[in-house]
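Asks: Just so we're aligned: the sequence shown equals residues 1217 to 1504 in the working numbering.
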Amino acid sequence: MLPVPARPPEPTAPAGLSGGPGDGDPLALYWDFYWAVAEAQLAEWLPARPARVLDVSGGAGRSAAQAATAGHTVIEVLEPGPPAPPGPPAPHAPHVPQPPHAPQDRPGPHARNGHRGRPPGQVHRVIADSGTLGFLADGCVDAVIAENRALSRQLVTEAAVGEIARVLRPGGRLLLSVDSLTLGMALLAERNYWAHLSDVPAAEVLLIPWPDGTITRCFGGDQLRELLVDAGLDVEWVRPRTVLSPSTVEHLLKRSPGTLEPLVRTELTAPVGDDSLGVQLLASARRS
C-alpha cells in the first residue's frame, strides 16, 4: 500500500478542469450527461412523501437543493472551510474522468420537482463534521444523501457510515456514491505503480493518492456491501454511476445533441449488473 498522510487536505480540482461547456474540457458533453443521470437517479430515489432528509454530500453538488425542490426538509451539513469539490481529475490521466463541479446556476433536465402540487421544502445548513453527526439524535431523519463521493473522502468510512445508520430511523434509507476500484487501479497504472496493482484485489482498505497529494478511498462492490451490512443496513442495490462510457456519450451527443434525455433513460433502465464498470459506485441501503 502506498504511504499516505494521516489527514489529507480537502481535494481541489486543478484550474482549467471545471467542466463548463465553454472551458475547452474535452468531456464537457459527458459531464452534462453525468449530472443529468445523477439528478435523475436522485429524483427516482427520494421519498415519495415529504420527509426529513440529511445531506452530507459536502455542499459542492446540488442534491440538497433538488431534495428541497421535491418538497423535503433538508439538513445540509457543510464541513468547516470551503466546500469539497467532486474530486480532482488526474492531470496525467485524461481517460480517468472525475466529475467537475455540479452546475449551480441552472437546473438540469431532471432537477424539477417530481411531485406536482407539492410546495418546495427548505434547506437548513449546518457547519459541522459530517463524519460524527453528534448534533443529531438517534433515529431523527428519514433519509440520508451522501453523494459527491463524500464517503470516499471520509477515510475511516466505517465510522461515518455507523453515524449515518445511527441517525436514520428504522426503515430510513441511504443513497451514497464512492470511488470504485476501477478508478483506483487506473490512477495507480497512470502513475506507473505497477507493483501495487497486484495488491489491489486483496486489499481490505484501498487508499489511493491523487497526483496533488490528496487521498481517496476506493471500493469494490462486495466491499461496499460489507461496509453497509456491518453498520446494520440492508443493501437494496449497488451499481455503477454510469454504464455508458465517456467516449460513447461524447460521440452520440456530438452527432445528435437531442439524444441526452434518451441516454439518461437508458442509464435508468439498465439492469443492475457488473458493478466493476465505471469510476464511481452508487448504492442504496435501508436501516432495518
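Even glycine gets a Cβ: it sits at the ideal position worked out from N, Cα and C.
#1: For a quick check, are the C-beta atoms of S1368 and D1345 less than 7 Å apart?
#2: Going by DSSP, what residues sit across from L1496 in a beta bridge?
#3: Return the residue from the list S1472, G1437, V1451 and L1413 that minimises the CA-CA distance to A1381.
#4: Can you grab the Cα-Cα spacing for the pair N1364 / S1393, in whole Å?
#5: Considering only the alpha carbon of each residue, which of E1260, G1388, V1459 and G1274 lies closest to A1267?
#6: Determine the DSSP secondary structure at W1426, reduced to helix, strand or coil.
#7: Using 8 Å for Cβ pairs, my map puts F1435 next to L1397. What's the rounded Cβ distance?
#8: For the beta strand (DSSP E) that R1365 lies in, which residues bound it at each end?
#9: Does the Cβ-Cβ distance between V1454 and L1497 come in under 7 Å?
#10: Where P1296 and R1471 are concerned, what is the direct C-alpha to C-alpha distance, given to the nearest angstrom?
#11: Within 10 angstroms of its Cβ, does L1413 collect 16 or more other Cβ (buried), or is it exposed?
#12: Given this structure, state the Cα-to-Cα distance separating L1476 from P1427, to the nearest angstrom.
#13: Measure the C-alpha to C-alpha separation of L1484 and S1461 and round it to an integer number of angstroms.
#14: Could you tell me the boundaries of the alpha helix (DSSP H) in which D1248 lies?
#15: Let me know if P1335 comes out buried or exposed under the rule of 16 or more other beta-carbons within 10 Å of its beta-carbon.
#16: Assuming A1284 and V1293 form a contact by the criterion Cβ under 8 Å, report the distance between their Cβ atoms to the nearest whole angstrom.
#17: Determine the contact status of L1391 and W1261, defining contact as a CB-CB distance below 7 Å.
#18: With DSSP as the reference, identify every bridge partner of A1501, one or two as the case may be.
#19: Using 10 angstroms around the beta-carbon of R1586, count the other beta-carbons present and answer buried if the total reaches 16, otherwise exposed.
#20: Can you tell me whether V1372 is buried or exposed? The criterion is at least 16 other CB atoms within 10 Å of its CB, across all chains shown.
#21: Compute the Euclidean distance between the alpha carbons of G1275 and I1343, then round it to the nearest angstrom.
#22: Kindly list the residues whose CB is nearer than 6 Å to the CB of A1280, restricted to its own chain and excluding five residues on each side of it in sequence; keep chain order.
#23: Would a C-beta distance cut-off of 7 Å place L1258 and Q1282 closer than the cut-off?
#24: Does DSSP put D1354 in a helix, in a strand, or in coil?
#25: P1487 by DSSP, collapsed to three states: which one?
#26: Drop a sphere of 10 angstroms on the beta-carbon of R1265, count the other beta-carbons inside from all chains shown, and report buried for 16 or more, exposed for fewer.
#27: Just the C-alpha distance for A1499 and L1469, rounded to the nearest angstrom, thanks.
#28: To which residues does DSSP link V1290 through a beta bridge?
Replies: With the structure as the only source:
#1: Looking up residue 1368 in the sequence shown gives position 152. Looking up residue 1345 in the sequence shown gives position 129. Not closer than 7 Å, so no.
#2: Sequence index remark: in the sequence shown, residue 1496 carries index 280 (1-based). Residue identity differs from the one stated: residue 1496 is Gln in this sequence, not Leu. Its beta-bridge partners are D1395.
#3: Here residue 1381 refers to the residue found at position 165 of the sequence shown. Among S1472, G1437, V1451 and L1413, the Cα nearest to that of A1381 is on V1451.
#4: In the sequence shown, the residue the question calls residue 1364 occupies position 148. In the sequence shown, the residue the question calls residue 1393 occupies position 177. Answer to the nearest angstrom: the Cα atoms are 6 Å apart.
#5: Here residue 1267 refers to the residue found at position 51 of the sequence shown. Answer by Cα proximity: G1388.
#6: By one-based count along the sequence shown, residue 1426 stands at place 210. Coil.
#7: As a working note, residue 1435 is residue 219 in the sequence shown. As a working note, residue 1397 is residue 181 in the sequence shown. Right, their Cβ atoms sit about 7 Å apart.
#8: Numbered from 1 along the sequence shown, position 149 holds the residue referred to as residue 1365. Looking at the DSSP string, R1365 is not in any beta strand (DSSP E), and its letter there is neither H nor E.
#9: Here residue 1454 is taken as the residue at index 238 of the sequence shown, counted from 1. Here residue 1497 is taken as the residue at index 281 of the sequence shown, counted from 1. In this structure, L1497 lies closer than 7 Å to V1454 by Cβ.
#10: The count along the sequence shown starts at 1 and reaches residue 1296 at position 80. The count along the sequence shown starts at 1 and reaches residue 1471 at position 255. Rounded to the nearest angstrom, the two C-alpha atoms are 44 Å apart.
#11: Numbered from 1 along the sequence shown, position 197 holds the residue referred to as residue 1413. Burial call: exposed.
#12: Residue mapping note: residue 1476 aligns to position 260 of the sequence shown, counting from 1. Residue mapping note: residue 1427 aligns to position 211 of the sequence shown, counting from 1. Taken atom to atom, the span from the alpha-carbon of L1476 to that of P1427 is near 32 Å.
#13: Sequence index remark: in the sequence shown, residue 1484 carries index 268 (1-based). Sequence index remark: in the sequence shown, residue 1461 carries index 245 (1-based). Rounded to whole angstroms, L1484 to S1461 spans 15 Å at the Cα level.
#14: As a first step, residue 1248 is located in the sequence shown; it is residue number 32 there, counting from the start. Here the alpha helix (DSSP H) through D1248 covers A1244 to W1261.
#15: One-based indexing of the sequence shown puts residue 1335 at position 119. Exposed, by the Cβ-count rule.
#16: As a working note, residue 1284 is residue 68 in the sequence shown. As a working note, residue 1293 is residue 77 in the sequence shown. At roughly 14 Å, the Cβ-Cβ gap does not stay under 8 Å, so A1284 and V1293 are not in contact.
#17: Reading the sequence shown from its first residue, position 175 is the one you call residue 1391. Reading the sequence shown from its first residue, position 45 is the one you call residue 1261. The beta carbons of L1391 and W1261 sit closer together than 7 Å.
#18: The count along the sequence shown starts at 1 and reaches residue 1501 at position 285. Per DSSP, L1390 and V1451.
#19: This structure does not reach residue 1586, given that the chain is present from 1217 up to 1504, and the question cannot be answered.
#20: Taking the sequence shown and counting its residues from 1, one reaches residue 1372 at position 156. V1372 is exposed by the Cβ-count criterion.
#21: Position 59 of the sequence shown, counted from the first residue, corresponds to residue 1275. Position 127 of the sequence shown, counted from the first residue, corresponds to residue 1343. G1275 and I1343: Cα-Cα distance of roughly 10 Å.
#22: Position 64 of the sequence shown, counted from the start, is the residue given in the question as residue 1280. D1271, V1290, E1292 and V1339.
#23: As a working note, residue 1258 is residue 42 in the sequence shown. As a working note, residue 1282 is residue 66 in the sequence shown. For L1258 and Q1282, yes; Cβs fall inside 7 Å.
#24: Numbered from 1 along the sequence shown, position 138 holds the residue referred to as residue 1354. D1354 falls in the coil class under three-state DSSP.
#25: For the purposes of this step, residue 1487 is taken as the residue at position 271 of the sequence shown. Three-state result, P1487: coil.
#26: By 1-based counting over the sequence shown, the position of residue 1265 is 49. Looking at its Cβ environment, which holds fewer than 16 other Cβ atoms inside 10 Å, R1265 is exposed.
#27: Here residue 1499 corresponds to residue number 283 of the sequence shown, with the count starting at 1. Here residue 1469 corresponds to residue number 253 of the sequence shown, with the count starting at 1. C-alpha separation (whole angstroms): 27 Å.
#28: Here residue 1290 corresponds to residue number 74 of the sequence shown, with the count starting at 1. Beta-bridge pairing links V1290 to V1269 and V1339.
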